[in-house]
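K.L.:
So that we are looking at the same thing, I have put the structure below in structure tokens.
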Amino acid sequence: MTVLAATPAHADAHMEAGDGLRAAVMEDMPGLIALYQDLHANPELSFQEFETAAKLATRMRALGFEVTEGVGKTGVVAVMRNGDGPTVMLRADMDGLPVIEQTGLPYASKRTAVPATGVETGVMHACGHDTHMAAWIGAAQLLAERKGEWSGTLVMILQPAEEIGEGALAMLQDGLYERFPKPDYVLAFHDAAGAPAGFIGYSKGYALANVDSVDVVIPGIGGHGAYPHTTKDPVVIGSSIVMRLQTLVSREIDPLDSAVVTVGSFQAGSKHNIISDEARLQITVRSYSDETRAHLLDGIERIARGEAIAAGMPEDKLPVVTVQDPYTPSTYNTPEFTEQVMAGLQDRFGGRIREVPSVMGGEDFGQFYRADPENVESLIFWVGGVPMAEWEASQRGETELPSLHSPFWVPDAPVVIATATEALAAATLDLMPKDEAGG
Ligand SMILES: [Zn+2]
Ligand SMILES: [Zn+2]
């Protein structure tokens, strides 16, 4: 099949696992690619995934799932009850980004929409959530066809608003674990812009970070730039805060722990010779554990107040620190479950599976584990998306690769979708074996 010409066949051409799953995926690929191109051309922003949800809900009903729409605003829950056994939940996220696509693809998005900021923008599936949905449908088709080969309950969810970190929580707060069968295992994948197409990467334990957005408003006492002694300069106070924040990670956090404090925005003033009466910082804070997160957030408050006091600001004009709520919590891959799933995939993907370092990016998938860490096993893995020729050129230093969220990101969609469809279906079948005796 031509769409699959780029499959990293050299890595595992002879590794078909004997269950015919790969051949079945190949047969479904033309339909899945058509779906992918349609989703890619028609992206929708966070919590605006109305057409996407409706389109995929219709497909799931046709496959025999009980489908509920509007869970957590635009989320979809599709359930297939198939006898005794565990409950497995597969999740795909639906939202695109406020990015003007520049890939030049024939099915590039020309859509526009209005995000929460109120300013109309182009919309693009620049994070690859379209590949997630196509593979999710691919897995649903295989598991529906092979209903005789597994026993248990399959819960397949389409999550809205991953990009703003709110969709998973919205579904949970709308009763995902009360109104529908609660999962023993939750699984998802994300395409990766830093790995060759068709490679599977996983991390045990923390895989993605806590993400906090922090705003600091620093009052000053404004005045003429030529008479600084009559003012309290918030640019100088803000600068001291920015520099002192650099010591939070370097001097206060265990060097073997991971954390980031980045001041992404520093705004103050309007003119050369006016000392402003206010400065504002926007900070992104990354961590893995709850303890480190609390230490960093407390530290920002302490440093902001301390520097203002050192500058002589009065008690009623100290900086105000606001931490955005909700935040995106870190994503934890339960280690034994991760090992079990990856061991199960070894036979079919062999040399294509790698354990990879965790990253400081964020994903709200971790919410599904956090909602009941005693009883839920959880794993999100990466499926590499960089076309092999581009990957090799980048390894030779001949080209820079676009990252996720870039207007130029073009994953090798056929390979990502084929790999992820097979991996999700195979892992699910492994988790829900048909009991010989019980039938
Ligand atoms: Zn993203
Ligand atoms: Zn994403």
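With the working numbering, you'll find the sequence shown wraps up at 489, consecutive numbering, no jumps. For each residue, glycine too, the CB sits at the ideal point set by N, CA and C. A quick note: this is a predicted structure, and the numbers were derived from the prediction, not measured.
Leaving out five residues before and five after Pro165 in sequence, what residues of the same chain have Cβ atoms less than 7 Å from its Cβ?
P.N.:
Counted from its first residue, the sequence shown places residue 165 at position 115. If we look at Pro165 and ignore the five residues flanking it on each side, its Cβ neighbours are Leu95, Pro148, Thr171.
K.L.:
Return the residue from the list Gly198, Pro233, His182, Leu219 that minimises the CA-CA distance to Glu424.
P.N.:
Taking the sequence shown and counting its residues from 1, one reaches residue 424 at position 374. The shortest C-alpha separation from Glu424 is found at Pro233.
K.L.:
Taking the beta strand (DSSP E) that Ser315 falls in, what are its first and last residues?
P.N.:
On the sequence shown, residue 315 is found 265 positions in, with the first residue counted as 1. For Ser315, the enclosing beta strand (DSSP E) starts and ends at 309 to 318.
K.L.:
What do you get for Asp375, buried or exposed, if any count of 16 or more other CB atoms within 10 angstroms of its CB means buried?
P.N.:
Numbered from 1 along the sequence shown, position 325 holds the residue referred to as residue 375. Exposed: under 16 other Cβ atoms inside 10 Å.
K.L.:
For Leu204, list the residues DSSP reports as bridge partners.
P.N.:
Counted from its first residue, the sequence shown places residue 204 at position 154. BP columns for Leu204 point to Met130, Val138.
K.L.:
Where in the segment 170 to 236 do unbroken runs of the alpha helix (DSSP H), each at least 4 residues long, occur, reported from the N-terminal end onward?
P.N.:
If one requires a minimum length of 4 residues, the alpha helix (DSSP H) runs lying completely within the segment 170 to 236 are 179 to 195, 217 to 223, 226 to 229, in chain order.
K.L.:
Just checking my contact of Leu208 with Ala142 at CB under 8 Å: how many whole Å lie between their CB atoms?
P.N.:
On the sequence shown, residue 208 is found 158 positions in, with the first residue counted as 1. On the sequence shown, residue 142 is found 92 positions in, with the first residue counted as 1. Right, their Cβ atoms sit about 6 Å apart.
K.L.:
Give a yes or no on whether 8 Å exceeds the smallest Cβ distance from Val313 to chain B.
P.N.:
In summary, chain B is missing from the structure at hand, where a single protein chain is found.
K.L.:
Taking its Cβ as the centre, do 16 or more other Cβ atoms sit within 10 Å of Asn260, making it buried, or is it exposed?
P.N.:
Locating residue 260 in the sequence shown gives position 210, counting from the first residue. It is buried - the Cβ of Asn260 has at least 16 other Cβ atoms within 10 Å.
K.L.:
Exposed or buried, which one is Asp366 when buried takes at least 16 other CB atoms within 10 Å?
P.N.:
Indexing the sequence shown from 1 puts residue 366 at position 316. Burial call: exposed.
K.L.:
Under 6 Å from any heavy atom of ligand 3, by CB: list those residues in chain order, please.
P.N.:
The model on display carries ligand 1 and ligand 2 but not ligand 3.
K.L.:
Taking Ile353 and Arg294 to be in contact with their CB atoms under 8 Å, please state how far apart those CB atoms are, rounded to whole angstroms.
P.N.:
For the purposes of this step, residue 353 is taken as residue 303 along the sequence shown, with counting starting at 1. For the purposes of this step, residue 294 is taken as residue 244 along the sequence shown, with counting starting at 1. Rounded to whole angstroms, the Cβ separation of Ile353 and Arg294 is 5 Å, and the two are in contact under 8 Å.
K.L.:
Going by the CB atoms, is the gap between Ala107 and Thr124 shorter than 8 Å?
P.N.:
Residue mapping note: residue 124 aligns to position 74 of the sequence shown, counting from 1. Residue mapping note: residue 107 aligns to position 57 of the sequence shown, counting from 1. Not closer than 8 Å, so no.
K.L.:
If contact is defined by three or more beta carbon pairs under 8 Å, each pair taking one atom from either stretch, is the segment 463 to 471 in contact with the segment 80 to 89?
P.N.:
yes
K.L.:
Answer yes or no: the CB of Asp366 versus the heavy atoms of ligand 2, is any distance below 7 Å?
P.N.:
As a working note, residue 366 is residue 316 in the sequence shown. Outside the cutoff, so no.
K.L.:
Are the CB atoms of Val436 and Leu451 nearer to each other than 8 Å?
P.N.:
Position 386 of the sequence shown, counted from the first residue, corresponds to residue 436. Position 401 of the sequence shown, counted from the first residue, corresponds to residue 451. Contact flag set, yes.
K.L.:
Using the Cβ count rule (16 or more neighbours within 10 Å means buried), how would you classify Pro278?
P.N.:
Residue mapping note: residue 278 aligns to position 228 of the sequence shown, counting from 1. Under this definition Pro278 is an exposed residue.
K.L.:
Enumerate, from N- to C-terminal direction, the unbroken beta strand (DSSP E) stretches of 3 or more residues contained entirely within the segment 312 to 389.
P.N.:
328 to 337, 370 to 373, 381 to 383
K.L.:
Run through the DSSP bridge pairs and tell me what Asn260 is partnered with.
P.N.:
Taking the first residue of the sequence shown as position 1, residue 260 is located at position 210. Beta-bridge pairing links Asn260 to Ser337.
K.L.:
Within 10 angstroms of its Cβ, does Thr137 collect 16 or more other Cβ (buried), or is it exposed?
P.N.:
Mapped onto the sequence shown, residue 137 falls at position 87. Answer is buried; the Cβ neighbour count reaches 16.
K.L.:
Along the chain, where does the alpha helix (DSSP H) that runs through Trp441 open and close?
P.N.:
Taking the sequence shown and counting its residues from 1, one reaches residue 441 at position 391. From DSSP, the alpha helix (DSSP H) with Trp441 extends over 438 to 445.
K.L.:
Taking one C-beta from the segment 262 to 282 and one from the segment 370 to 384 each time, how about it: are there three or more such pairs within less than 8 Å?
P.N.:
yes
K.L.:
Please report how far the alpha carbon of Asp485 lies from the alpha carbon of Tyr338, in whole angstroms.
P.N.:
Translated into positions along the sequence shown, residue 485 becomes position 435. Translated into positions along the sequence shown, residue 338 becomes position 288. Looking at the backbone, the Cα of Asp485 and that of Tyr338 are separated by about 39 Å.
K.L.:
Note down the Cα distance separating His60 from Gln396, rounded to an integer number of angstroms.
P.N.:
If you number the sequence shown from 1, residue 60 lands on position 10. If you number the sequence shown from 1, residue 396 lands on position 346. With a pLDDT of 45 at His60, under the threshold of 50, the modelled position of that residue is not reliable, and no figure is offered here.
K.L.:
For Ile271, does the three-state DSSP call read helix, strand or coil?
P.N.:
Your numbering for residue 271 matches position 221 in the sequence shown. In this structure, Ile271 counts as strand in the three-state DSSP scheme.
K.L.:
Check whether the Cβ atoms of Ile324 and Ile291 sit closer than 8 Å, and answer yes or no.
P.N.:
Locating residue 324 in the sequence shown gives position 274, counting from the first residue. Locating residue 291 in the sequence shown gives position 241, counting from the first residue. The answer is no: Cβ separation not under 8 Å.
K.L.:
Distance check for Asp348 and Asp69, CA to CA, integer angstroms please.
P.N.:
Mapped onto the sequence shown, residue 69 falls at position 19. Mapped onto the sequence shown, residue 348 falls at position 298. Straight across, the Cα-Cα distance linking Asp69 with Asp348 is about 54 Å.
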